[in-house]
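Worksheet: the structure to be examined is printed underneath.
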Amino acid sequence: MTKIRSKWMLALFMVMVTTLVSACGDEDAIVDYYNEEMHPAWEEVDVQLNRFDEGLIRMDYGEVDEGTNLMESARDEIRSIRESFEGREYDSEPVQDLQDQFISYLIAVDDFLEGFYEAIAAEESGTFGAEEELAFQGLITEAQREELNLSDMVEDYVEEYNLEWEEEGEELDTEE
18 MTKIRSKWML ALFMVMVTTL VSACGDEDAI VDYYNEEMHP AWEEVDVQLN
68 RFDEGLIRMD YGEVDEGTNL MESARDEIRS IRESFEGREY DSEPVQDLQD
118 QFISYLIAVD DFLEGFYEAI AAEESGTFGA EEELAFQGLI TEAQREELNL
168 SDMVEDYVEE YNLEWEEEGE ELDTEE
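Going by this note's numbering, the sequence shown opens with residue 18, and the numbers climb by one from there.
Encoded structure:
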């Protein structure tokens, strides 16, 4: 009986050690993924959304070609970011969850931009009504919700994995 008990205790101890080592690995994996992959891409999406807005402003001022070019290149860049993140798989479950949420955000932004073009086409053809307006507002709301979900998940990870924000910039680090 003592041998069985010893083996059981050893097995339990090994599970605990594995869990602790895994959690430490998750911290580093989250920090690396956020700082090296997701955060730079997220910032680039923001840059491209600003370019898209600039394109709208230019169109309002009659600079249709320049505005259209800015809007299309911004949309294409965001779509390229989305495609570069799709299908990525990570060994760390928290990183994979963060990746999945980031993809959800990128899809929502891409859907919003596509819906914007559809709304413009419907408006130009005279078919943009209350139903189209409601659908377009839904796309805006979904993109905002997905970004909020992503922000919340990052903040939850900061607390759960005892991470901290670097003073300069918005990079994460493990607490030392």
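All C-beta atoms, glycine included, are put in the ideal place defined by N, C-alpha and C.
Residue burial is scored here from C-beta neighbours: Gln116 has at least 16 other C-beta atoms within 10 angstroms and is therefore classed as buried. When secondary structure is reduced to three states using DSSP, Asp108 falls in the coil class, being assigned neither helix nor strand. Around the beta carbon of Pro111, a 10 Å sphere encloses 16 or more other beta carbons of the protein chains shown; the residue is thus reported as buried. For Glu181, the enclosing beta strand (DSSP E) stretches over residues Leu180 to Trp182. Taking C-beta atoms as the reference points, Ser109 and Ala46 count as a pair closer than 7 angstroms.
Going by C-alpha positions, Ala152 is about 30 angstroms away from Arg105. Val62 sits buried, since 16 or more C-beta atoms from the chains shown fall within 10 Å of its C-beta. Residues of the same chain with a CB within less than 8 angstroms of the CB of Ala160, apart from the 5 flanking positions on each side, are Tyr122, Ala125, Val126, Asp128 and Phe129 in chain order. Between Glu94 and Gln65, the C-beta spacing is below 7 angstroms.
Counting only runs of 3+ residues, no beta strand (DSSP E) is found wholly inside the segment 124-168.
For Ile137, the closest of Tyr174, Met88 and Leu180 by C-alpha to C-alpha distance is Met88. For Met55, there is no enclosing alpha helix (DSSP H), as DSSP marks it with neither H nor E. Excluding the 5 residues flanking it on each side, Phe145 has same chain C-beta neighbours closer than 8 angstroms at Ala136 and Ala139, in chain order. By the Cβ neighbour-count rule, Ala91 is buried, with 16 or more other Cβ atoms within 10 Å of its own.
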